[in-house]
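A short write-up of the structure that comes next.
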Amino acid sequence: MNEASADVRTSGEPSTNKHSPVTELSRWEPAVAGAAIILGLALRFWPRGPLWLDEALSVNIARVPFGELQAYLKQDGHPPLYYALLHVWTGTMGTSTFAVRALSIIISLAGFPLTWLVARRAGGTRAALWAVAVWAILPYGVRYSTETRMYVLVMVLVLAGWWFLGRLWSEPRWPDAAALAVIASVLLWTHYWAMWLLAAVGAATVLRRWLNRALPNANRELLLTGGALGLAGLSFLPWVPTLLFQAERTGTPWGAVERPTTAVVITLIDFAGQPSAEPQLMTYVLVFLIVVALVGRTRGDDRWGLVLAAPARRQAMWALALALGTLLIGATAAMASGATFVSRYAAVIYPLVVVLIGWGLAACPPRLRGVLGAVVLAGSLAGIALSINVPRSISGTAAQVIEAKAPDALVVTCPDQLSVALGRELPDGQQLVSYPDLDSDPRFIDWVDYAQRVKAADPAEVADNVWTLADGRPVVLGYSDTYDTHREACPAFLAALSEGHRTETLLSSTGQDAFENMSLVRLDP
Numbered sequence: 001m002n003e004a005s006a007d008v009r010t011s012g013e014p015s016t017n018k019h020s021p022v023t024e025l026s027r028w029e030p031a032v033a034g035a036a037i038i039l040g041l042a043l044r045f046w047p048r049g050p051l052w053l054d055e056a057l058s059v060n061i062a063r064v065p066f067g068e069l070q071a072y073l074k075q076d077g078h079p080p081l082y083y084a085l086l087h088v089w090t091g092t093m094g095t096s097t098f099a100v101r102a103l104s105i106i107i108s109l110a111g112f113p114l115t116w117l118v119a120r121r122a123g124g125t126r127a128a129l130w131a132v133a134v135w136a137i138l139p140y141g142v143r144y145s146t147e148t149r150m151y152v153l154v155m156v157l158v159l160a161g162w163w164f165l166g167r168l169w170s171e172p173r174w175p176d177a178a179a180l181a182v183i184a185s186v187l188l189w190t191h192y193w194a195m196w197l198l199a200a201v202g203a204a205t206v207l208r209r210w211l212n213r214a215l216p217n218a219n220r221e222l223l224l225t226g227g228a229l230g231l232a233g234l235s236f237l238p239w240v241p242t243l244l245f246q247a248e249r250t251g252t253p254w255g256a257v258e259r260p261t262t263a264v265v266i267t268l269i270d271f272a273g274q275p276s277a278e279p280q281l282m283t284y285v286l287v288f289l290i291v292v293a294l295v296g297r298t299r300g301d302d303r304w305g306l307v308l309a310a311p312a313r314r315q316a317m318w319a320l321a322l323a324l325g326t327l328l329i330g331a332t333a334a335m336a337s338g339a340t341f342v343s344r345y346a347a348v349i350y351p352l353v354v355v356l357i358g359w360g361l362a363a364c365p366p367r368l369r370g371v372l373g374a375v376v377l378a379g380s381l382a383g384i385a386l387s388i389n390v391p392r393s394i395s396g397t398a399a400q401v402i403e404a405k406a407p408d409a410l411v412v413t414c415p416d417q418l419s420v421a422l423g424r425e426l427p428d429g430q431q432l433v434s435y436p437d438l439d440s441d442p443r444f445i446d447w448v449d450y451a452q453r454v455k456a457a458d459p460a461e462v463a464d465n466v467w468t469l470a471d472g473r474p475v476v477l478g479y480s481d482t483y484d485t486h487r488e489a490c491p492a493f494l495a496a497l498s499e500g501h502r503t504e505t506l507l508s509s510t511g512q513d514a515f516e517n518m519s520l521v522r523l524d525p
């Protein structure tokens with residue numbers, strides 16, 4: 001008997017129970033789940049405005065010649081696979097905003113059948129249906145399915161890897177180990193947080209060997225799973241010198257260090273949307289559904305009655321252990337090394353959480369399932385609406401203002417992080433430079449020793465150089481003082497640049513009008 005069938009028996013529900021997660025669906029369930037899926041698909045194509053820094057930087061790096069990719073990534077801080085894929089994609093489809101985001105949308109579509117397969121093996125057809133609905137509509141997944149970054153690729157790879165890991169953990173065979181090795185390798189070459197996921201899988205595999213030591217397949221499972229992880233690690237060795245350089249010299253100067261417990265809270269809130277009231281309320285529902293996935297059972301034929309009682313479902317327990325283990329290992333490593341944590345890194349555990357939520361809905365009694373399903377749907381739509389209502393970057397508006405009111409100006413940004421997205425929106429021929437290095441290419445950010453270089457710059461000297469470069473033209477400064485590395489530098493630079501010059505505010509950002517915001521000031525010579 002494989003582990004999937006064993007889990008059905010430990011669910012506390014006979015397989016003939018009409019409310020079982022593994023038997024026939026109620027008439028209303030396909031309609032509700034189908035509506036969530038259709039809405040999720042439609043929302044992936046909803047316009048979201050200009051690219052923000054990370055997206056624009058991804059496109060710019062992807063467009064450099066293949067032979068120069070490593071050099072650019074060495075100063076950026078990521079492995080190369082996604083950028084190589086985006087290089088090929090943009091070479092064919094172009095670099096328009098829709099074209100570069102379409103790659104992520106298409107990748108996300110592969111997650112629908114993969115989520116179905118993984119969830120169906122774990123909890124049956126009902127669990128699969130609800131897991132796919134959650135994959136379609138949960139705000140975190142919708143966001144990264146529409147962003148020109150590698151995170152949705154990470155999610156889809158995790159789903160594929162989970163499928164083969166589940167096979168290895170039930171009836172270990174070498175073809176599944178080979179497939180897992182390939183997927184794990186691709187994950188490592190896509191995002192560094194894959195290291196923490198694979199570490200958690202390795203630890204879980206060793207623990208399983210001890211727990212299942214009396215079973216005939218225990219050693220084979222350990223050997224094949226461990227071998228797959230080892231081969232993936234070996235395949236990544238050529239990139240390790242670059243990784244070590246990035247870890248020592250680039251890091252995450254743009255963010256604060258977070259405690260592991262804070263990382264858990266940030267992740268849950270962002271899975272539900274963003275730090276605002278509605279998504280935060282929905283996190284309680286999501287956590288409850290994860291608990292139900294572990295130990296929830298219908299009380300007889302009661303259409304409302306839910307019992308939370310042992311034993312825990314084994315596959316749900318392993319999925320939760322991998323998710324929490326990965327998040328805590330990664331967040332602890334980040335804190336120890338002085339690096340930051342942001343919720344997008346949790347893409348490596350998002351598929352595990354999606355399936356657990358779907359399984360939790362499937363395990364609820366019918367009427368409670370309907371209520372909680374409606375709450376997840378409504379809460380997700382609220383979270384997505386809040387996200388869509390705030391553009392990812394104000395660069396499009398800023399470029400329009402500059403073109404209308406200062407088309408001949410020298411444009412300078414502080415910090416330089418604003419120049420990457422703004423440069424995509426400015427008309428051809430508009431000169432753009434950035435603080436502190438006016439000679440740097442505004443399409444890229446050099447993160448090597450970044451904070452030290454900003455601190456060492458003299459705002460007054462840079463301001464003098466700006467006016468020399470302007471050569472009688474007006475200057476437009478796009479600035480924000482909300483960046484940790486520039487909280488003092490940008491106000492000082494603005495003061496130095498303004499001394500003796502007439503100023504006019506062209507655009508005043510409230511900080512609430514875009515995820516990436518800036519104000520614009522025109523300065524006349």
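Okay, so the sequence shown: first residue is 1 according to the UniProt record's numbering, each after it adds one. Glycine included, every Cβ here is placed at the ideal spot set by N, Cα and C. Keep in mind that this is a model prediction, so the values were computed, not measured.
query: So GLY91 is in the alpha helix (DSSP H); what residue range does that whole segment cover?; result: 81-93
query: Could you pull the start and end residues of the beta strand (DSSP E) that CYS414 belongs to?; result: 410-414
query: If you follow the alpha helix (DSSP H) that GLU55 is part of, which residue opens it and which one closes it?; result: 53-62
query: Where does LEU289 sit, in a helix, a strand or coil, going by DSSP?; result: helix
query: Report all residues from its chain with a CB closer than 6 Å to the CB of LEU129; omit the five preceding and five following residues, and keep chain order.; result: ALA33
query: For GLN280, which residues of its own chain have a beta-carbon under 6 Å away from its beta-carbon, when the five flanking residues on both sides are left out?; result: ILE269
query: Can we say the segment 342-352 touches the segment 257-272, given the rule of at least three CB pairs closer than 8 Å?; result: yes
query: For ARG502, collect the residues of the same chain with a Cβ closer than 6 Å to its Cβ; drop the 5 residues on either side in sequence, then sort them by chain order.; result: ASP524
query: Kindly give me the distance between the Cβ atoms of LEU426 and ILE402, rounded to whole angstroms, as I take these residues to be in contact under 8 Å.; result: 7 Å
query: Return yes when the Cβ of TRP193 is within less than 7 Å of the Cβ of PRO79, no when it is not.; result: no
query: Taking just the CA atoms, how far does ARG313 sit from ALA363?; result: 11 Å
query: How would you write the range of the beta strand (DSSP E) that SER519 sits in, first residue to last?; result: 519-523
query: Look at TRP89 and LEU103 and say whether their C-beta atoms are less than 7 Å apart.; result: yes
query: Please list the terminal residues of the continuous alpha helix (DSSP H) segment that includes SER434.; result: Taken as a continuous stretch (DSSP letters only), SER434 belongs to no alpha helix (DSSP H), being part of the beta strand (DSSP E) at 432-434.
query: Would you call SER509 buried or exposed, if buried means 16 or more other Cβ atoms sit within 10 Å of its Cβ?; result: buried
query: Spell out a yes or no on whether the segment 173-191 and the segment 219-237 are touching, meaning 3 or more CB-CB pairs, one atom from each, closer than 8 Å.; result: yes
query: Using the rule of at least 16 other Cβ atoms within 10 Å of the residue's Cβ for burial, across every protein chain shown, is TRP174 buried or exposed?; result: exposed
query: Report the three-state DSSP secondary structure of GLU24 (helix, strand or coil).; result: coil
query: To the nearest angstrom, how far is the alpha carbon of LEU138 from that of ILE290?; result: 14 Å
query: Which one or two residues does DSSP pair with GLU393 in a beta bridge?; result: Before going on, a small fix: residue 393 reads as Ser here, not Glu. Paired residue(s): GLU516.
query: Looking at the strands, I want to know which residues DSSP matches up with GLY478.; result: THR413, LEU520
query: For a test of the three-state rule: what should DSSP assign to VAL454, helix, strand or coil?; result: helix
query: Distance, Cα to Cα, GLN512 vs SER58?; result: 25 Å
query: With 16 as the cutoff for other CB atoms within 10 Å, does ASN219 come out buried or exposed?; result: exposed
query: Helix, strand or coil, according to DSSP, for GLU499 in the structure here?; result: coil
query: Is it buried or exposed for GLU147, if we count other Cβ within 10 angstroms and need 16 for buried?; result: buried
query: Under 6 Å: does the beta carbon of ILE38 sit that close to some heavy atom of the ligand HEM?; result: This structure lacks the ligand HEM; in fact it carries no ligand of any kind.
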